Amino acid sequence: MSSPITLRGWFWQQAKLLDQTTDLTDFVPWFTESKAGSIGGVIPSLDAALEACHREGGRSRALDGALRGLIQRGYSKIRPIKPLLVSLAYEIDRRFPVPLPAVPGGIRDLLPASEQTTSLLNSMVRFGALNVTSFSDTAPAGRLTDIKNRSWAILQDPALAGSIAKASAPVTSRCSKGQLKEMAEGVLAAKGGVCTTFAAAAVHLLLKDGPLMATGPRIEFVSGPKHCLCLVNRAAHASDVEPSAGKPKGTIVSFDFWNDDVVIIDPWAGSMGFHVISSKITYPSKLKAMVGLQVDKYFDTAWE
Numbered sequence: 021m022s023s024p025i026t027l028r029g030w031f032w033q034q035a036k037l038l039d040q041t042t043d044l045t046d047f048v049p050w051f052t053e054s055k056a057g058s059i060g061g062v063i064p065s066l067d068a069a070l071e072a073c074h075r076e077g078g079r080s081r082a083l084d085g086a087l088r089g090l091i092q093r094g095y096s097k098i099r100p101i102k103p104l105l106v107s108l109a110y111e112i113d114r115r116f117p118v119p120l121p122a123v124p125g126g127i128r129d130l131l132p133a134s135e136q137t138t139s140l141l142n143s144m145v146r147f148g149a150l151n152v153t154s155f156s157d158t159a160p161a162g163r164l165t166d167i168k169n170r171s172w173a174i175l176q177d178p179a180l181a182g183s184i185a186k187a188s189a190p191v192t193s194r195c196s197k198g199q200l201k202e203m204a205e206g207v208l209a210a211k212g213g214v215c216t217t218f219a220a221a222a223v224h225l226l227l228k229d230g231p232l233m234a235t236g237p238r239i240e241f242v243s244g245p246k247h248c249l250c251l252v253n254r255a256a257h258a259s260d261v262e263p264s265a266g267k268p269k270g271t272i273v274s275f276d277f278w279n280d281d282v283v284i285i286d287p288w289a290g291s292m293g294f295h296v297i298s299s300k301i302t303y304p305s306k307l308k309a310m311v312g313l314q315v316d317k318y319f320d321t322a323w324e
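Under my numbering, the sequence shown has 64 at position 44, and the numbering climbs by one with no breaks.
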């Protein structure tokens with residue numbers, strides 16, 4: 021196990037790595053101020069939470085809340101410490117990662133993908149939802165703070181600017197495999213995305229999966245008014261409409277009409293505190309409502 025860290029120790033170590041040691045004297049008032057609501061007032065609670073998490077070997081709401089308080093105060097007051105706050109958020113995620121959810125056996129049996137691909141998809145619960153502030157009411161109770169911290173760090177990291185652009189790309193018409201690949205590269209590099217690019221990344225990864233492709237199930241990239249998904253093994257329906265010269269995207273029937281053995285792969289849901297891989301029955305109702313009644317289709321292996 022890594023040795024315990026304190027906020028002051030971490031900042032000093034990282035400041036030296038970032039060649040900011042000459043600026044540390046400017047942080048002295050910031051560290052020593054201890055009145056209620058000040059940045060210095062947050063430090064003891066964060067250090068106590070770090071010590072408790074190290075001792076107990078797991079993440080806590082107290083730690084996420086203290087880090088959030090530091091970000092909200094520190095970033096608005098002292099812009100030079102932004103790289104230090106980003107590195108601290110990354111380090112906390114590294115030391116105390118979000119637990120990986122189990123994929124229920126019944127659902128796993130419906131997805132004939134390799135263990136490697138399934139594990140990679142499932143690991144996206146540790147990625148950042150880059151549009152979390154627009155969907156704050158979606159996250160499960162107790163998870164919003166760590167989700168916001170993770171996404172904030174990704175968005176503030178200048179090294180990820182190009183990847184973030186790819187991981188935030190909109191989609192309005194039928195996608196090529198090349199477009200899916202580009203969005204997937206952005207998501208995997210940034211370790212974050214929005215529902216559109218997360219779904220595209222899932223489709224891309226499944227298209228590369230040998231065991232899955234050998235079985236030939238249908239794989240689709242679909243979008244409702246407020247949410248995008250990857251679907252595996254959805255049965256065609258008489259009301260589905262395929263793209264045409266005058267219609268750059270297809271449409272499919274709404275959620276209630278999907279077959280019971282369809283597999284829903286939603287990495288954005290994973291990044292927001294839910295499962296990545298679900299069945300029609302286990303998919304969260306609040307996300308089902310975001311899919312809505314009008315469902316567009318941007319990719320379908322049946323088109324190939």
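Glycine included, each C-beta is placed from N, C-alpha and C at the ideal position. Predicted, not measured: the structure shown is a model, and the values here were computed from it.
{"Query": "Residue 297 - DSSP class collapsed to helix/strand/coil", "Result": "strand"}
{"Query": "Residue of 218, 149, 279 and 161 minimising C-alpha distance to residue 172", "Result": "149"}
{"Query": "Alpha helix (DSSP H) segment containing residue 303, residue limits", "Result": "Run containing residue 303: none; DSSP gives neither H nor E here."}
{"Query": "Whole-Å CB distance - residue 130 paired with residue 283, under 8 Å assumed", "Result": "5 Å"}
{"Query": "Cutoff 6 Å; reference residue 295; Cβ partners in own chain excluding five residues on either side", "Result": "121"}
{"Query": "Pair within 8 Å by beta-carbon distance, residue 162 and residue 244", "Result": "no"}
{"Query": "Beta-bridge pairing of residue 248 - partner residues as DSSP gives them", "Result": "243"}
{"Query": "Whole-angstrom distance between residue 292 and residue 27, CA atom to CA atom", "Result": "27 Å"}
{"Query": "Inter-residue Cα distance where the pair is residue 207 and residue 186", "Result": "7 Å"}
{"Query": "Simplified DSSP state of residue 319, which is helix, strand or coil", "Result": "strand"}
{"Query": "Residue 149, DSSP secondary structure in three states", "Result": "strand"}
{"Query": "Among 246, 229 and 222, nearest to residue 240 - alpha-carbon criterion", "Result": "222"}
{"Query": "Residue 211 in three-state terms, based on DSSP", "Result": "coil"}
{"Query": "Enclosing alpha helix (DSSP H) for residue 106 [first to last residue]", "Result": "102–115"}
{"Query": "Under 8 Å between C-beta atoms of residue 106 and residue 33", "Result": "no"}
{"Query": "Whether residue 112 touches residue 90 by CB criterion (8 Å)", "Result": "no"}
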